[in-house]
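Heads up, the sequence shown is in the working numbering, so the first residue is 189 and it goes up one at a time. Here the structure comes first, spelled out in structure tokens, and everything after it is commentary.
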Amino acid sequence: MNLRPKDYNLEPGAIKISDLRALIGKNDPTILEIGANVGQTTEEFLREMPNARIFCFEPEPRAIQRFKNRIRNSNVTLFECAVGNQNGTINFHRSSGEGAAKDWDQSGSIRSPKRVFETWPWLRFDSQIQVPIVRLNDWAMDKNIGVVDLMWADVQGAESDVILGGADVIGNCRFFYTEYGLIEWYEGQVSLDHICETLADIGFVLYRKFEMDALFVNKNMTNLRELDFSISRNAPCPCGSGRKYKQCHGSWT
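Next comes the structure, spelled out in structure tokens:
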């Protein structure tokens with residue numbers, strides 16, 4: 189029996205970048221930030237890992253301009269495009285909001301909004317534009333990208349598109365952090381269970397689960413004995429051995 193997301197303890201909030209720094213274990217990691225918005229997380233990466241090499245992707249023109257005004261660091265490269273499972277152009281649903289949130293630019297997606305209004309009724313998607321889109325596998329081959337220490341994905345329902353178009357890159361990545369939907373907020377958005385199953389095929393196991401985000405670890409590139417999984421000791425071991433955690437990679441605690 190494989191470990192499922194329901195077997196993990198739900199942690200409040202989201203992960204601290206300082207925790208990621210401790211896991212990565214160096215000041216100069218290679219980071220892919222998919223859905224960088226205006227650079228707010230990029231700033232946090234640079235504070236914790238000042239020599240990090242960060243490749244950022246963002247398709248929303250309003251956010252791109254704010255990112256450029258905010259981030260001026262030679263270690264950061266911004267690619268003005270979406271990431272998915274095709275190369276070329278794609279329809280992008282731009283977000284806005286009501287009242288003080290009329291300029292909201294953080295919820296746009298290459299996927300059509302569906303049940304997102306059930307959670308955030310003030311959101312609006314009143315316009316669509318064509319934006320460039322790339323497959324990570326092709327992008328990484330063109331840029332000669334090797335091992336990636338962390339991939340950070342905040343793509344508003346397009347998680348499966350990123351994974352399908354970037355499986356080779358993700359398979360060469362140590363940690364993968366992604367947002368996930370509690371319901372089908374965007375058309376065709378997959379569940380956390382589905383993300384876990386897809387990533388398992390390329391060597392990843394779920395490590396920590398938050399309310400709307402999850403951190404995965406590549407078991408082919410990380411010693412699981414160095415990690416403390418927030419699960420029952422009687423749960424199946426994350427390594428997939430079929431034994432209980434306490435009898436396998438949790439046996440030292």
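Backbone N, C-alpha and C define an ideal beta-carbon position, used for all residues, glycine too.
From which residue to which residue does the beta strand (DSSP E) around residue i run?
i           : result
residue 310 : No beta strand (DSSP E) contains residue 310, which DSSP labels as neither H nor E.
residue 402 : 401–406
residue 244 : 241–245
residue 234 : Segment 228–236 is the alpha helix (DSSP H) holding residue 234; no beta strand (DSSP E) there.
residue 266 : 264–267
residue 282 : 276–285
Sort the options by Cα distance to residue i and report the nearest one.
i           : options            : result
residue 221 : 412, 298, 405, 269 : 269
residue 381 : 331, 307, 348      : 348
residue 326 : 317, 319, 357      : 357
residue 360 : 377, 372, 324      : 324
residue 394 : 378, 377, 412      : 412
residue 294 : 263, 279, 302, 249 : 249
residue 388 : 403, 315, 398, 375 : 403
residue 241 : 279, 333, 225      : 333
residue 344 : 285, 202, 280      : 280
residue 392 : 223, 427, 375      : 427
residue 203 : 408, 407, 414, 400 : 400
residue 282 : 271, 317, 273      : 317
residue 337 : 219, 243, 227      : 219
residue 321 : 216, 414, 353, 405 : 353
residue 263 : 243, 223, 200, 436 : 243
residue 216 : 335, 396, 407      : 335
residue 346 : 305, 300, 196      : 300
residue 198 : 370, 259, 254      : 370
residue 285 : 274, 271, 304      : 304
Whole angstroms are fine: how far does the CA of residue j sit from the CA of residue i?
i           : j           : result
residue 245 : residue 288 : 26 Å
residue 417 : residue 298 : 33 Å
residue 454 : residue 390 : Residue 454 is absent from the model: the chain starts at 189 and stops at 441.
residue 331 : residue 194 : 38 Å
residue 420 : residue 211 : 22 Å
residue 341 : residue 364 : 8 Å
residue 384 : residue 192 : 8 Å
residue 432 : residue 438 : 8 Å
residue 205 : residue 351 : 22 Å
residue 214 : residue 237 : 7 Å
residue 378 : residue 277 : 22 Å
residue 302 : residue 435 : 44 Å
Let me check one thing: in DSSP terms, what residues is residue i bridge-paired to?
i           : result
residue 340 : 221, 365
residue 198 : 397
residue 374 : 301
residue 270 : 321
residue 419 : 196
residue 295 : Bridge partners of residue 295: none, in fact.
Please report the residue range of the alpha helix (DSSP H) in which residue i lies.
i           : result
residue 255 : 249–258
residue 355 : 355–359
residue 325 : 324–331
residue 211 : 205–212
residue 388 : 380–388
Step through the CB atoms of chain D and report whether any lies within less than 8 Å of the CB of residue i.
i           : result
residue 254 : Reference to chain D is not applicable here, since this structure consists of a single protein chain.
Inset, instruction - Report yes or no: do three or more beta-carbon pairs, one from the stretch 221–241 and one from the stretch 301–317, lie closer than 8 Å? - result: no
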